[in-house]
Each structure stands twice: as structure tokens, then as C-alpha cells.
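*Asks:* Let me begin by handing over the structure; questions about it come next.
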Amino acid sequence: MAELAIEGLVKRFDTGTVLDRASLVVRPGHLLAVLGASGSGKTTLLRLIAGFERADAGTIAIDGVPVAGPGLHVPPERRRIGYLAQEGALFPHLSVGRNIAFGLGRGGDAAARVAELLEMVGLPAAYAARSPQHLSGGEQQRVALARTLAPEPRLVLLDEPFSALDAGLRQEVRQTVATALQRTGATAVLVTHDQAEALSMGDAVAVLRAGRIVQLADPVALYRRPQDAEVARFVGEAVLLPGQAHGGLVQCALGVLKLAAPMQGAVSVLIRPEQIRLVAAGTPGSAAAEIRSVQYFGHDALVGLSLTAAPDQSVVARVFSHALPPAPGRTGLLVDGAVSAFPAEGAA
Amino acid sequence: MSEAARTRAASAWAPVHRPPGLLLLVAAVPGALVLLPIVVTLADAVAAGAAEIFALLWRPLVGTLLVNTVALTVSAAACCVVLGTGAAFLIERTDLPGRTTWAMLMTAPLAVPAFVASYAWVSISPVFEGFGGALLVTSFAYAPLVYLPVAAALRGLDPALEESARALGDPPWRCVRRVVLPHLRPAMLGGALLVALNVLVEFGAFALMRFRTFTTEIYAAYRSGFDGGEAAALALVLLAFCFACLAAEGALRSRGGYGRVGRGVRRRLPLYRLGAWMLPAGLGLGLLAAGALGVPIGTVLFWLTRHGSAAVTPDEASPRALLMATVSTVGLGLGAACLTLVLALPLAVLSTRWPRFPLTGVLERGAWLAQGVPGIVIALALITATVRTVPPLYESTALLLIAYAILFLPYALVGLRTALLQADRRLEEAARSLGAGWPRVLGRVVLPLAVPGIGAAAALVFIVVSTELTATLLLAPIGTETLAIRIWGDTSTLAFAAAAPYAAVLVALSMTASWLLARRFGIGAFGAGLGG
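Here it is as C-alpha cells:
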């Protein structure tokens with residue numbers, strides 16, 4: 001278990017600044033998910049930590065010992081950082097067993113360790129003799145994970161390791177990775193553009209935007225109280241309505257709602273679609289609305305609504321499919337739980 | 001268009017399950033042409049009788065030839081692997097400055113015919129005759145055959161592999177040894193086999209060096225009264241060597257390289273820092289370029305400045321003779337390019353449109369065999385065949401063009417295949433769905449997309465034909481003097497200064513054509529020269 005501390009990290013390429021004074025800390029044994037759109041600099045952040053690129057400024061320290069800083073660049077092979085590449089990057093000229101044993105020193109019982117690691121990632125020991133070409137995508141990624149964990153790295157970096165897998169497999173391999181990391185107790189940084197992945201796997205989530213870390217929080221806090229409207233939309237479906245806050249309450253097109261944190265003045269109110277409940281039209285306290293569209297997913301559905309009080313505001317409600325109204329028409333809306341709000345654009 | 005006409009038009013072009021019979025028939029022509037010299041050689045040997053062939057082969061001379069050929073082939077292949085791989089790694093993967101220039105310098109020797117390089121070295125000093133000189137010339141001349149595939153393999157390497165190795169604790173040098181080199185092995189081996197094949201079929205360079213191999217001895221047997229039996233016996237042994245190389249190369253190719261596991265991310269490959277090794281590395285590459293390019297070109301230029309009388313045998317080249325030789329070289333090159341392309345086109349269409357039709361593979365493989373048939377064997381077999389069956393064809397330009405077509409079919413095939421694949425089936429289908437009939441599809445979609453590639457194939461055949469010596473020497477009609485024939489004639493009588501103008505024009509012609517080809521299509525256009 002190791003602590004990773006990054007301070008004021010800057011990286012510029014010919015095309016511009018990719019990382020702009022990024023700072024973060026990952027507690028020992030925790031998994032930090034770095035969430036960012038493509039081009040946000042998340043892969044660069046990972047490659048700087050691994051030592052594949054040199055930082056232009058800032059420091060990276062593991063357990064308080066700097067590995068990168070002004071005038072310092074410890075080469076990747078001496079950092080003891082595991083790196084799991086996007087598509088595994090298995091050595092095609094080596095068998096599965098030799099791939100896994102690649103980072104193990106001479107001596108020691110490599111075969112036993114390989115078997116142990118294969119078992120940990122949920123593959124039969126007989127796979128050691130296979131060639132990587134004959135593995136499915138999910139199996140390749142499991143082997144790559146075993147290879148990464150073999151030398152017992154202090155820190156494991158995961159570079160969108162599930163993005164090449166199809167949906168069903170992705171969940172399975174995610175589970176394997178989470179379990180294996182827990183068993184080894186390694187500290188980990190996972191880079192992803194998939195908010196569900198970041199929220200479900202991370203002990204903490206850092207949102208990276210244009211090279212800057214805009215928010216670092218635990219998943220629940222990030223989803224419930226995002227820093228700004230953009231983060232709110234990035235981490236999940238969001239309904240944003242203009243409103244007027246008075247302490248613990250806010251007045252908007254959906255009525256008077258409870259605020260998670262007291263505010264004053266003109267605000268933008270964030271309501272998650274799953275907080276909005278469809279009730280019979282005319283139910284006391286409900287906001288009148290008309291159902292415009294239904295996007296059906298099976299387990300639930302997204303219902304597009306237009307409010308009678310503010311027809312130009314688009315509102316989406318997430319409804320369990322068994323609670324879906326039988327036909328389009330008029331309905332009432334109620335909001336469950338507290339909502340959060342940001343100072344309105346230009347009002348701050 | 002009536003409904004019936006529409007259906008007819010569709011079936012005429014749409015990839016139906018079975019190719020039209022006429023196409024199959026014309027596509028079989030190249031394969032048959034390639035088989036012809038092999039069959040004639042075998043027939044000659046059979047006619048001579050097993051006992052006679054055995055007696056001809058069970059001689060000390062054949063033993064010497066075997067030792068010479070094997071020793072030279074193996075050492076040249078080894079030298080080329082070391083030089084080509086080293087150069088490729090330095091140029092592609094280190095921080096050595098000037099990589100574009102170096103890359104050009106490493107490929108350019110392909111445009112200098114080996115017999116011209118041989119002439120250059122021998123004219124410096126007779127020291128370069130024999131095994132040493134032959135090894136020197138072939139190593140310099142054929143190192144690009146290893147350099148090109150290895151450089152391509154280096155560029156195709158997934159950077160994540162090296163990064164993973166580094167993250168797993170390998171310092172740079174160990175990462176090169178454990179990850180990079182194993183990936184280059186197929187490219188190195190493939191290149192080495194091509195070098196071996198080229199050494200086996202080379203004739204002019206060794207004849208000038210007075211180094212005896214199977215090709216020079218077959219030529220000698222032919223000149224000394226054309227004893228079909230002896231030439232055929234030696235040709236059989238040579239063919240066996242060539243086909244062994246070809247088969248090994250084919251097996252290597254079908255096994256494929258390591259390829260990528262997964263697609264990986266395309267990222268710029270990291271460069272290894274040379275540090276204190278920068279100077280030695282630059283010097284080494286400089287020496288390689290000097291040996292492969294500087295010496296041949298420099299020597300030719302030197303002899304250009306000498307008056308003919310300064311040469312051992314004064315045989316002055318007249319501007320008229322030079323012009324005539326250039327014209328016939330260019331003429332033969334263009335004629336051969338046209339004929340080869342026309343012959344290869346049906347087969348290329350077959351192999352791109354009906355790749356899974358069983359006969360396609362057979363016909364293709366037949367044409368590929370051409371790579372393993374030495375020019376001297378083709379030439380002698382064509383002479384035998386025409387003298388016996390159609391004497392008027394003997395010593396005709398037509399026969400020479402046919403020999404070129406057989407020799408360089410693989411070049412044309414690779415180029416045409418690439419060109420035709422440019423016109424993706426889906427594009428055609430899109431055009432058809434937009435209402436275009438097949439003549440319009442052909443004119444507006446297929447041809448515009450394929451024409452540049454067809455041009456590249458023609459240019460490549462032109463280059464290799466204009467620098468070809470063996471078949472030209474044996475088959476050119478009396479009175480046809482090409483640049484290659486002139487150089488050969490003058491250098492074999494030690495008239496080095498007299499040969500210089502022809503050599504200068506030939507090298508300039510081939511370099512210009514190659515440069516134009518490379519500039520338009522990239523070094524990859526020479527992929528055909530590497531056997532696909």
C-alpha cells in the first residue's frame with residue numbers, strides 16, 4: 001500500500017497545454033477514478049505517473065518519495081508502478097505464462113506465482129501455455145492484469161482497461177479487477193470516460209477538464225453535489241432549472257424544493273431525473289406537465305416532459321418501467337429528496 | 001434500361017459466386033508462362049537421362065559451386081540482416097538526426113543494379129574479385145531488402161508493449177532485447193530469405209567478379225556449345241535451392257508476424273537516446289551509405305572523366321551509341337511494363353474479386369513461382385523451346401518481352417492487386433445503389449481509384465526491366481544494344497571507361513524513376529520488389 005501525491009503537475013505538447021497544474025492525493029489502498037472526456041488530459045496524467053513522459057513542472061511522490069519533480073525523473077522501470085494498457089498490450093511472442101512472469105526476477109518459483117495470479121484473475125492454470133492470440137478480449141485483459149500485479153507494484157495504473165470490451169464482458173472484467181486490487185491491497189488510479197465506471201469503481205473520483213482537476217470527491221458527493229453545472233451533466237443525466245433560493249428552500253418551475261445546502265438569490269437548480277416522480281395529474285403539491293416522449297430501456301425509462309408553467313424548460317424523469325404511465329397525456333410531477341443548486345450564470 | 005438489361009448488367013459486374021470462364025482462362029496464362037521454363041528444364045534433364053544427369057552433377061566442379069553458392073548465400077544473408085536491422089533501428093527508433101535523409105540513403109541502393117556495383121568495385125582493384133568482393137557487393141546491394149521490412153516492423157510496433165516492459169522493470173536495453181528484437185524476427189528472417197533468393201539468381205555481378213556460382217556456370221555451359229544436358233542439370237540444382245527459399249518464405253508469410261494482440265492505440269513511438277553512441281552510429285550508417293551508393297556512383301563518375309584510351313581496352317562510347325542504347329532500354333522497359341501488366345491484370349482481378357474461389361489460389365501461386373525461377377533458367381528454357389517449336393520467335397523482341405513478363409509478373413501482380421483493392425467493393429455498391437450502371441461504376445469509381453496504383457506497378461516493372469541483365473544478354477535480338485548489354489560487354493573486356501557513360505545513364509534512369517515512384521507513392525511502392 002502506498003500513497004500517491006501529485007502537486008502542480010504541468011505537461012505541454014506542441015499542440016498546447018495538456019495538464020494544467022493538476023494536484024491530487026490517493027490514499028493508500030484506495031482506487032481513484034479519473035473521469036474526463038477524450039482530450040481532457042487523463043491519459044497524459046497516467047503516463048506522467050508511470051514515467052513514460054516527463055512533466056514540465058510539478059512533482060509526483062509515492063509514499064512521500066518524489067519520483068518526478070524539478071530535475072528529477074525516475075525511469076519507469078525503477079518506479080515499481082504497474083501499468084495496465086487500454087488493450088492489455090500482451091507480448092504476442094510470449095506465452096501467457098511468460099507474459100505474466102515477465103516482470104518477475106530470476107529465481108523464485110515463477111510457475112507457482114503464475115498459477116496463483118491466473119487463479120486470482122479467474123483463469124484456469126492451464127492457460128499459462130497458451131499464446132495470447134488465442135485468447136478472447138476479456139481473457140487478454142485478465143492476463144494483462146495478472147502480469148501487471150505479478151511484481152507486486154506499489155501503485156497500479158489502469159488506462160481505460162475496459163473500453164475495448166463489449167458491455168457484458170466489461171462488467172465481468174471490472175469485477176475481476178476490483179476484487180484482485182482489493183486482495184493485493186494495491187493503490188490504484190483508473191482513467192475512464194465512463195461515468196458509471198468511475199462512480200462504481202472509485203473510492204474517490206477526480207473530474208478532469210481541459211487539463212485541470214475540477215473536482216475530487218467520493219462518488220456519492222460528486223453525484224449529489226457537483227461543483228458546477230458542467231460537472232453535474234458530465235457525471236449523469238441532469239435537469240437544470242432556473243430558480244430563486246431562500247436559505248434551505250428553492251423556488252423553481254417544479255415548485256418549492258428542499259436544498260441540500262442553504263443558498264441565496266438566483267440559482268440554477270440541479271434535479272436528477274430519478275428524483276422526479278410521476279403522479280396523477282392534479283395531485284396536491286405536484287407540478288402539472290405533459291408527457292412528450294418515452295425512451296424505454298427495459299428496467300427503466302426516461303420520460304420527456306414539458307411543464308405547463310414553463311413549456312420551454314425540458315424536464316426528464318427516470319421512471320421504473322412498471323411505473324410507466326400507460327399513455328401519453330397530462331401528469332403531475334413531484335420531486336423526492338433534497339436538490340443542489342449553483343449560482344445562476346452571470347449572477348455570481 | 002429494361003429490367004432484363006439491368007439484371008444482365010448487374011451479373012456482369014457484381015461479384016457472383018463463380019468467376020466467368022473466360023476470365024479464368026486468361027488468368028491462367030501467367031501461371032502457364034511461369035511453368036513453361038520449369039517444365040522445359042525438367043524435360044531437358046529427362047531427355048538427357050538420369051545416368052547422364054548424375055554423372056554431370058557428381059563432379060568436383062559441382063562441389064565447388066555448392067560450397068561457393070551456399071557460403072555466399074548464407075554469409076550475404078547474415079551480413080544483410082546485421083546491416084539492415086542495425087540501420088533500421090538507428091533510423092527509426094533512436095534520436096539520430098536526419099532520419100528522412102538516412103532512410104532515403106538506405107533504400108537508394110535498390111536502384112543500383114548489382115552488376116554495376118560489381119563493375120565499380122572490380123574497376124577499383126582486382127582485389128575485389130572472388131568471394132570477398134562478391135560478399136561485399138551483395139551485402140551492400142541487398143541490405144535494403146532487410147532494412148525495408150524491419151523498418152516497417154519497427155514502425156508497426158505497439159508502443160504500449162515497450163511501455164509495459166518498462167513498467168514491469170526492464171531498462172531500455174533489456175526492453176530492446178526482450179520485446180523489440182523478437183518482434184523483428186519475422187521481418188529479419190523474411191528479408192534474409194529474399195536476400196538469399198536474390199544472391200542465388202544473380203549472374204552479372206558474380207561473372208564480373210570471376211566468382212563461380214550456378215548461374216555463371218550455367219551461362220558458361222550454354223556458351224560452350226549449348227550442351228542442354230549440363231545446363232539443365234545445373235539449373236535443376238539451382239531451381240531446387242530457389243524453391244527451398246521461396247517455400248520457406250511462403251511458410252513464414254503464411255504463419256504471419258506476431259501482429260498485434262488487440263488494436264492498441266496509435267501513438268508516436270518513443271525514441272531511444274544514443275548519447276555517446278551518436279557519433280559511432282552516424283559513422284557506421286555513413287560507411288554503409290558510402291559502400292552501397294558512394295562507391296558505385298563515385299567510380300562511375302571517375303571513369304567518366306577518363307578518356308577511353310586510359311582504359312585497358314580503348315573502346316570509346318559515341319554519343320550516338322549511347323543514345324541508341326538508352327532508347328532501346330527505355331523502349332524495352334515500356335514494352336515489358338505494358339505486356340506484364342496486361343498479362344497480370346486478369347489474375348489480379350480474379351484474386352481481388354473472387355479471392356475465395358478455389359482456383360484463384362492455385363493460379364496465384366503459379367504466378368508467384370516466378371520469384372524462384374532465375375532469369376538465366378527462363379532465358380535458356382525459352383531459347384530451347386523456341387528453337388525446337390517456333391524458330392522465328394528465337395532472338396525476337398517478342399521473346400525477350402515474354403521473358404521479362406515471366407520474370408517480373410510478381411511485381412505487376414502486387415501492384416495491380418493493391419490498385420484494385422483501392423476500389424473497395426462497398427464504394428462500388430454505393431455507386432450502384434445511386435443508380436450507376438457498371439460502365440459508369442467502372443469509369444467513375446473503379447478506374448479513378450485504381451489508376452495511380454496501376455501506374456506505380458508499371459513504373460516498378462519498368463525500373464526492374466531496364467536494369468535487368470541476364471535475360472537481356474541471352475535473348476536480345478542481334479543488333480539490339482541496351483545499356484545493360486553495353487556495360488556488360490565493355491566491363492567484361494575490362495574497358496571500364498567505355499562502360500562508364502552507359503552505367504551513368506542506367507543508374508540515373510533507374511534512380512530518377514525510383515525517386516519519382518517513391519515520392520508519389522512512398523517507399524511502400526517498392527513492397528512488390530520485396531515479394532509482396
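As given, the protein sequences belong to chains A and B, one line each in that order.
Quick note on numbering: this note's numbering labels position 71 of the first sequence as 71, and the sequence is numbered without any gaps.
Quick note on numbering: this note's numbering labels position 244 of the second sequence as 244, and the sequence is numbered without any gaps.
Positions of the beta carbon are idealized from the N, C-alpha and C atoms, including for glycine.
Consider the Cβ of B/G156: report whether some Cβ of chain A lies at a distance smaller than 8 Å.
*Replies:* Reading the second sequence from its first residue, position 156 is the one you call residue 156 of chain B. B/G156 does not count as touching chain A.
*Asks:* At a Cβ threshold of 8 Å, is B/R99 touching chain D?
*Replies:* Absence of chain D from the displayed structure is noted, the protein chains being A and B.
*Asks:* Please state if the CB of B/V507 and the CB of B/V137 are separated by a distance shorter than 8 Å.
*Replies:* Locating residue 137 of chain B in the second sequence gives position 137, where the first residue counts as 1. Locating residue 507 of chain B in the second sequence gives position 507, where the first residue counts as 1. Cβ atoms of B/V137 and B/V507: not closer than 8 Å.
*Asks:* What does DSSP give as the partner residue(s) for A/L278 in the beta ladder?
*Replies:* Counting from one through the first sequence, the residue named residue 278 of chain A turns up at place 278. For A/L278, which the question treats as bridged, DSSP gives the partners A/L333.
*Asks:* So A/A22 and A/R212 are supposed to be a Cβ contact under 8 Å. How far apart are they, rounded?
*Replies:* Against the first sequence, residue 22 of chain A aligns to sequence position 22. Against the first sequence, residue 212 of chain A aligns to sequence position 212. About 7 Å separates the two Cβ atoms, so the contact holds.
*Asks:* Please name the residues in the stretch 334-352 of chain B whose beta-carbon is closer than 8 Å to at least one beta-carbon of chain A, in chain order.
*Replies:* So nothing in the stretch comes that close.
*Asks:* Taking 8 Å as the CB-CB limit, is B/S254 close to chain A?
*Replies:* One-based indexing of the second sequence puts residue 254 of chain B at position 254. With 8 Å as the cut-off, B/S254 does not count as an interface residue toward chain A.
*Asks:* What are the boundary residues of the alpha helix (DSSP H) that includes A/L222?
*Replies:* The residue given as residue 222 of chain A occupies position 222 in the first sequence. Here the alpha helix (DSSP H) through A/L222 covers P219 to R224.
*Asks:* Consult DSSP for B/V46 and reduce its assignment to one of helix, strand or coil.
*Replies:* One-based indexing of the second sequence puts residue 46 of chain B at position 46. Helix, per DSSP.
*Asks:* CB-CB under 8 Å to A/S38, same chain, minus the five flanking residues each way: which ones, in chain order?
*Replies:* Taking the first residue of the first sequence as position 1, residue 38 of chain A is located at position 38. Correct list, in chain order: H193.
*Asks:* If you reduce the DSSP assignment to three classes, tell me which class A/S340 lands in.
*Replies:* The residue you call residue 340 of chain A lines up with position 340 of the first sequence. The answer is strand: DSSP assigns A/S340 an E or B state.
*Asks:* A/A115: which of A/A126, A/R106 and A/G105 sits nearest, CA to CA?
*Replies:* On the first sequence, position 115 is the one that residue 115 of chain A refers to. The option with the nearest alpha carbon to A/A115 is A/A126.
*Asks:* What residues match up with B/R486 in a beta bridge as DSSP calls it?
*Replies:* As a first step, residue 486 of chain B is located in the second sequence; it is residue number 486 there, counting from the start. Answer is none; B/R486 lacks a bridge partner.
*Asks:* Beta-carbon separation of B/V505 and B/T326 under 8 Å?
*Replies:* Looking up residue 505 of chain B in the second sequence gives position 505. Looking up residue 326 of chain B in the second sequence gives position 326. Yes, they are a contact pair.
*Asks:* Return the first residue and the last residue of the alpha helix (DSSP H) that A/S293 is part of.
*Replies:* In the first sequence, the residue the question calls residue 293 of chain A occupies position 293. Here A/S293 belongs to no alpha helix (DSSP H); instead the beta strand (DSSP E) covers A287 to Y296.
*Asks:* Could you check whether the Cβ of B/I218 sits closer than 7 Å to any heavy atom belonging to the ligand NAD?
*Replies:* Inclusion of the ligand NAD in the displayed structure is not the case, the ligand content being empty and no account of it being possible.
*Asks:* Which of the three DSSP states is assigned to A/H322 in this structure?
*Replies:* Against the first sequence, residue 322 of chain A aligns to sequence position 322. Correct three-state label for A/H322: helix.
*Asks:* Under 7 Å between beta-carbons, which chain B residues line up against A/E77? List them in chain order, please.
*Replies:* For the purposes of this step, residue 77 of chain A is taken as residue 77 along the first sequence, with counting starting at 1. The answer, in chain order, is R166, G169, D170 and P171.
*Asks:* So A/G82 contacts chain B; which residues on that side make the cut at Cβ distance below 9 Å?
*Replies:* Locating residue 82 of chain A in the first sequence gives position 82, where the first residue counts as 1. The contacting residues are A167 and L168.
*Asks:* Do you know how far the Cα of B/L110 is from the Cα of B/A103?
*Replies:* In the second sequence, counting from the first residue as 1, residue 103 of chain B sits at position 103. In the second sequence, counting from the first residue as 1, residue 110 of chain B sits at position 110. If I take the Cα positions, the gap works out to 12 Å.
*Asks:* What's the gap between the Cα of A/T15 and the Cα of A/L48?
*Replies:* Position 15 of the first sequence holds residue 15 of chain A. Position 48 of the first sequence holds residue 48 of chain A. The straight-line gap from Cα to Cα measures roughly 17 Å.
*Asks:* Is the shortest distance between the beta-carbon of B/A45 and the beta-carbons of chain A less than 8 Å?
*Replies:* Here residue 45 of chain B corresponds to residue number 45 of the second sequence, with the count starting at 1. Chain A contact via Cβ: absent.
*Asks:* Any Cβ of chain A within less than 8 Å of the Cβ of B/A311?
*Replies:* Here residue 311 of chain B refers to the residue found at position 311 of the second sequence. Only weak support is given to the placement of B/A311: the predicted model assigns it a pLDDT of 49, under 50, and the question is left unresolved by the model.
*Asks:* Beta-carbon of B/V179 versus every beta-carbon of chain A: anything under 8 Å?
*Replies:* Start at 1 with the first residue of the second sequence, and residue 179 of chain B comes out as number 179. Interface residue, yes.
*Asks:* Hey, how far is the Cα of B/R8 from the Cα of B/V445?
*Replies:* Here residue 8 of chain B refers to the residue found at position 8 when the second sequence is read from its first residue. Here residue 445 of chain B refers to the residue found at position 445 when the second sequence is read from its first residue. Per-residue confidence for B/R8 stands at a pLDDT of 44, beneath the threshold of 50, marking its modelled position as unreliable; no derived number is given.
*Asks:* Determine, for A/F234, whether the minimum Cβ-Cβ distance to residues of chain B falls below 8 Å.
*Replies:* Residue numbering aside, residue 234 of chain A sits at position 234 when the first sequence is read from its first letter. It does not: the Cβ of A/F234 has no partner Cβ on chain B nearer than 8 Å.
*Asks:* Who are the neighbours of B/A160 on chain A, taking C-beta pairs under 9 Å?
*Replies:* For the purposes of this step, residue 160 of chain B is taken as residue 160 along the second sequence, with counting starting at 1. Neighbours of B/A160 on chain A, chain order: Y83, A85, Q86, E87, G88, A89 and D159.
*Asks:* Tell me, please, whether the stretch 229-246 of chain B touches the stretch 37-48 of chain B by the rule of three or more beta-carbon pairs shorter than 8 Å.
*Replies:* yes
*Asks:* Which residues in the same chain have their Cβ closer than 7 Å to the Cβ of A/N99, if we skip the five residues on either side of it in sequence?
*Replies:* As a first step, residue 99 of chain A is located in the first sequence; it is residue number 99 there, counting from the start. So the list reads L90, F91, P132, V143 and R147, once near-sequence residues are dropped.
*Asks:* Would you kindly work out how many angstroms separate the C-alpha atoms of B/A311 and B/V122, rounded to a whole number?
*Replies:* Residue 311 of chain B sits at position 311 when you count from the first residue of the second sequence. Residue 122 of chain B sits at position 122 when you count from the first residue of the second sequence. With a pLDDT of only 49 at B/A311, under the threshold of 50, the placement of this residue in the model should not be trusted, and no figure is reported.
*Asks:* If we define contact as Cβ-Cβ less than 8 Å, is A/A125 a contact residue for chain B?
*Replies:* Counted from its first residue, the first sequence places residue 125 of chain A at position 125. With 8 Å as the cut-off, A/A125 does not count as an interface residue toward chain B.
*Asks:* Under the three-state reduction of DSSP, which class applies to B/S224: helix, strand or coil?
*Replies:* Along the second sequence, one-based indexing puts residue 224 of chain B at 224. If DSSP states are grouped into helix, strand and coil, B/S224 belongs with coil.
*Asks:* Short check: CB of A/G82 to CB of A/V156, under 8 Å?
*Replies:* Here residue 82 of chain A corresponds to residue number 82 of the first sequence, with the count starting at 1. Here residue 156 of chain A corresponds to residue number 156 of the first sequence, with the count starting at 1. Yes, these two residues count as a Cβ contact at 8 Å.
*Asks:* Determine the chain A residues that contact B/E163 at a beta-carbon separation under 9 Å, and present them in chain order.
*Replies:* As a first step, residue 163 of chain B must be located in the second sequence, where it is residue number 163. Chain A residues near B/E163: R47, A50, F52, P76, Y83, A85 and A89.
*Asks:* Out of curiosity, what's the CA-to-CA distance linking B/A370 and B/V62?
*Replies:* The residue you call residue 370 of chain B lines up with position 370 of the second sequence. The residue you call residue 62 of chain B lines up with position 62 of the second sequence. Rounded to whole angstroms, B/A370 to B/V62 spans 25 Å at the Cα level.
*Asks:* Please report the straight-line C-alpha distance between B/P314 and B/A497, rounded to a whole angstrom.
*Replies:* For the purposes of this step, residue 314 of chain B is identified with residue 314 of the second sequence, where counting begins at 1. For the purposes of this step, residue 497 of chain B is identified with residue 497 of the second sequence, where counting begins at 1. Reliability fails at B/P314, whose pLDDT of 46 lies under 50, so the model's placement of it is uncertain and no value is given.
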